[in-house]
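This report refers to the structure that appears directly beneath it.
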Amino acid sequence: MKVLLSLLIGAVIFSSTASASVFSYITESRPGNSPSNGDADYKYVIARWDPELPTTPNPCFGWPTCYLTISHKHTTAGTPGAATVELAEISKYRYMRDIQNIPGVLARATAPATQWAVHTGVRLQNNQECVGLFYQEHTGVTNKGGLIPGSLCGIAPPPIGACKINNTIPDINFGPISEAELAGQSKQVNISVTCNLAMDVLVIATGVNVTNGRVNLRADNSLYANLYLGGNDTPGENGYKIHVPAGGTNSVTLKAVLGTNGRVQAGQFEGAAALILTVP
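The sequence shown lines up with residues -20 to -1, 1 to 260 when you count with mature numbering (1 follows the signal peptide of the UniProt record, and there is no 0).
Rendered as structure tokens:
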């Protein structure tokens, strides 16, 4: 059988909320209608919204109005801009799980983006923009709102943002392997990060559309890959901190280790992992 692990690349900044349950990132940035005023557009992905805990509170419960949106971090304070997608009015829901369970909300939140997020009117020199799931008082620009709890929210790569993961990373290809040799097989690649400002960054590696960070390689969960970063095999979702000098590059190794659960039928298997930059 043959095993191939594809790597998706994103750059994100970590919000100072609870443990991450929402993963989003920007794949492309471009100057907006008036670049001199700070206008910018972003192509984004809401990669995961893990099942919410029953006790995570809705930060805008009881407000006169509050909307769950796909929006962008409009100011350094983290308040949202005009909504790119309005998902639901959520002021009457006490807990985030109740919001996630509103019919159609999860599917729409994680559906492939059909438009760009648009930022206007605030210069970006000191504001690392990001796109993610927000709560906000109304769907226009507002100073009342923010990222929903547990968000990893994607900042813009250059030319608008400061850092990027270089996109020359090869897929992790295990090649032909017998069933008896699958468990414990490992391969690694080098992850290179470039910044136009001197920054400490945390590199995170996680599976897509899972809740435990691993990469599922078969629908029946009989074959999967665990992800590790750095020479000390730090779990990928914990992240690995590196310093990148202004105009320079630094790197970290990404290792994928195969695991099995029962018998694995012969075939060719593929999975996907997201590589994400965060600011520690």
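For each residue, glycine too, the CB sits at the ideal point set by N, CA and C.
{"Query": "To the nearest angstrom, how far is it from the Cα of residue 202 to the Cα of residue 12?", "Result": "46 angstroms"}
{"Query": "Could you please give the first and the last residue of the uninterrupted beta strand (DSSP E) stretch that includes residue 65?", "Result": "65 to 69"}
{"Query": "On the three-state DSSP scale, how would you describe residue 98?", "Result": "strand"}
{"Query": "Can you find at least 3 beta carbon pairs, one from the region 54 to 63 and one from the region 16 to 26, that sit closer than 8 angstroms?", "Result": "no"}
{"Query": "Taking residue 196 as the reference, give the member of 68, 239, 72 with the closest Cα.", "Result": "239"}
{"Query": "Answer yes or no: do residue 114 and residue 101 have a C-beta to C-beta separation smaller than 7 angstroms?", "Result": "no"}
{"Query": "Do the region 228 to 248 and the region 169 to 179 touch if we need at least three Cβ pairs shorter than 8 angstroms?", "Result": "yes"}
{"Query": "For the beta strand (DSSP E) that residue 25 lies in, which residues bound it at each end?", "Result": "20 to 29"}
{"Query": "Would you mind reading off the limits of the beta strand (DSSP E) that contains residue 245?", "Result": "Here residue 245 belongs to no beta strand (DSSP E), and DSSP marks it neither H nor E."}
{"Query": "Which term fits residue 89, buried or exposed, when burial requires 16 or more other beta carbons within 10 angstroms of its beta carbon?", "Result": "buried"}
{"Query": "Which residue wins for smallest C-alpha separation from residue 94, given the options 45, 120, 50?", "Result": "50"}
{"Query": "Tell me whether residue 85 sits in a helix, a strand or coil according to DSSP, three-state version.", "Result": "helix"}
{"Query": "Which same chain residues, not among the five before or five after residue 43, have their C-beta less than 7 angstroms away from its C-beta?", "Result": "71, 117"}
{"Query": "Taking the alpha-carbon positions, what's the residue 77 to residue 58 distance?", "Result": "23 angstroms"}
{"Query": "Can you find a CB in chain D that lies within less than 7 angstroms of the CB of residue 167?", "Result": "Included in the structure is just one protein chain, with no chain D present."}
{"Query": "Under 8 angstroms by Cβ, that's how I've got residue 46 and residue 32 pegged, so tell me the actual separation to the nearest angstrom.", "Result": "About 16 angstroms; that fails the 8 angstroms criterion."}
{"Query": "With DSSP as the reference, label residue 77 as helix, strand or coil.", "Result": "helix"}
{"Query": "Just the C-alpha distance for residue 85 and residue 79, rounded to the nearest angstrom, thanks.", "Result": "8 angstroms"}
{"Query": "Select from 174, 81, 160 the residue whose C-alpha is nearest the C-alpha of residue 225.", "Result": "174"}
{"Query": "Considering only the alpha carbon of each residue, which of 208, 199, 212 lies closest to residue 193?", "Result": "208"}
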